[in-house]
Amino acid sequence: MDATARLIEVHDRLCRAYGCPIAYFDALDPMEELVSSLLSHRTRNADSARAFRTLRERFPDWAAVRDAPVAAVQEAITACTWPEAKAPALQRTLRAITERVGRLDISLVAEMPVPEARAWLESLPGIGPKTSAAVLSFSALRRRALPVDRHPHRVAQRLGLIPAGLAVGPAHRVLEAMLPQEWDAQQVYDHHEVLMLHGQNVCHFRAPRCAGCAVLDLCPTGQARCDGPSPS
Ligand code: SF4
Numbered sequence: 245m246d247a248t249a250r251l252i253e254v255h256d257r258l259c260r261a262y263g264c265p266i267a268y269f270d271a272l273d274p275m276e277e278l279v280s281s282l283l284s285h286r287t288r289n290a291d292s293a294r295a296f297r298t299l300r301e302r303f304p305d306w307a308a309v310r311d312a313p314v315a316a317v318q319e320a321i322t323a324c325t326w327p328e329a330k331a332p333a334l335q336r337t338l339r340a341i342t343e344r345v346g347r348l349d350i351s352l353v354a355e356m357p358v359p360e361a362r363a364w365l366e367s368l369p370g371i372g373p374k375t376s377a378a379v380l381s382f383s384a385l386r387r388r389a390l391p392v393d394r395h396p397h398r399v400a401q402r403l404g405l406i407p408a409g410l411a412v413g414p415a416h417r418v419l420e421a422m423l424p425q426e427w428d429a430q431q432v433y434d435h436h437e438v439l440m441l442h443g444q445n446v447c448h449f450r451a452p453r454c455a456g457c458a459v460l461d462l463c464p465t466g467q468a469r470c471d472g473p474s475p476s
């Protein structure tokens, strides 16, 4: 079985387990999604959502966030991790968008082919492949892009879809190259979601529940764990 065939088999089984197609969880505009994604880095969903909500409540628009004292932005996003780093980073990104576009609006990416849109986004300070993919996939744009965050990254590594030790950033290109060309945006979104759900529910960081896993026969990590010596 080649890499894409294995990925499809994993996808199909996890889709049966978690129920595809999976509903999009939000329909933010691209600017909102970009800010939301920046706040979400290594933060629990509930906490980054609270930080995003507070930011929206305290500032009338993104220009006000950009021009506010950094301490005020930091205070508004204390619910997320590292607000002291994320506040100045967010303002840097907002200033760069203003310089390039003339206003705080990134809807121009809707007109670009996905690779061009991702390259444009990733040329902004603080934007990496996960955020560029999230802006295109999770926002109301609903484009075909695969964000790889910690759960999908861990599950893909354990399944041997990506090499052990490959960092999250470069893992984006490797996994994307394996996606079937004919998959549409919903299927690519589903792939992200099922890997994430599997990481949250079965393939836990510390104690993956391999014995009952739907993809155990495809997973070298799970087979090694199940075949290994019983704890004495
Ligand atoms: S077999 Fe184990 S390690 Fe492999 S995907 Fe399933 S839970 Fe994760």
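Each residue of the sequence shown is one higher than the last, beginning at 245 in my numbering. The beta carbon of each residue, even a glycine, is placed where N, CA and C say it ideally should be.
Taking C-beta atoms as the reference points, Arg398 and Gly443 count as a pair closer than 7 Å.
DSSP assignment within the segment 276 to 355 yields the following whole alpha helix (DSSP H) runs of 4 residues or more, N-terminal first: 289 to 302, 306 to 311, 314 to 320 and 327 to 345.
One Cα belongs to Ala271, the other to Leu338, and the distance between them is close to 21 Å. When secondary structure is reduced to three states using DSSP, Ser381 falls in the helix class. Pro369 has its Cβ no nearer than 6 Å to any heavy atom of the ligand SF4. Taking C-alpha positions only, Leu368 is separated from His285 by approximately 16 Å. The beta carbon of Pro452 sits closer than 6 Å to at least one heavy atom of the ligand SF4.
Set against 6 Å, the gap from the CB of Gly404 to the closest heavy atom of the ligand SF4 is not smaller. Annotation for Leu439 indicates a beta carbon at 6 Å or more from all heavy atoms of the ligand SF4. No Cβ-Cβ contact shorter than 7 Å links Leu258 with Leu405.
Judged by DSSP secondary structure, Met440 falls within the alpha helix (DSSP H) whose first and last residues are Ala429 to Asn445.
Here DSSP, grouped into helix, strand and coil, assigns His397 to helix. Separation of Glu276 and Gln467 (C-alpha to C-alpha, rounded to the nearest whole angstrom) is 42 Å.
In its chain, beyond the 5 residues on either side, Lys374, Ala377, Ala378, Ser381 and His436 have a beta carbon closer than 7 Å to the beta carbon of Pro391.
Contact between Asp349 and Cys324 does not hold, since their C-beta atoms are separated by about 24 Å, which reaches or exceeds 8 Å. Between the alpha carbons of Arg310 and Leu439 lies a distance of about 35 Å.
By a beta-carbon distance limit of 8 Å, Phe303 does not contact Ser280. Their separation comes to about 14 Å. Out of Ala455, Cys457 and Gly370, the CA that lies nearest to the CA of Leu282 is found in Gly370. In this structure Ala384 does not touch Arg362 by the C-beta definition: roughly 17 Å separates them, more than the 8 Å allowed.
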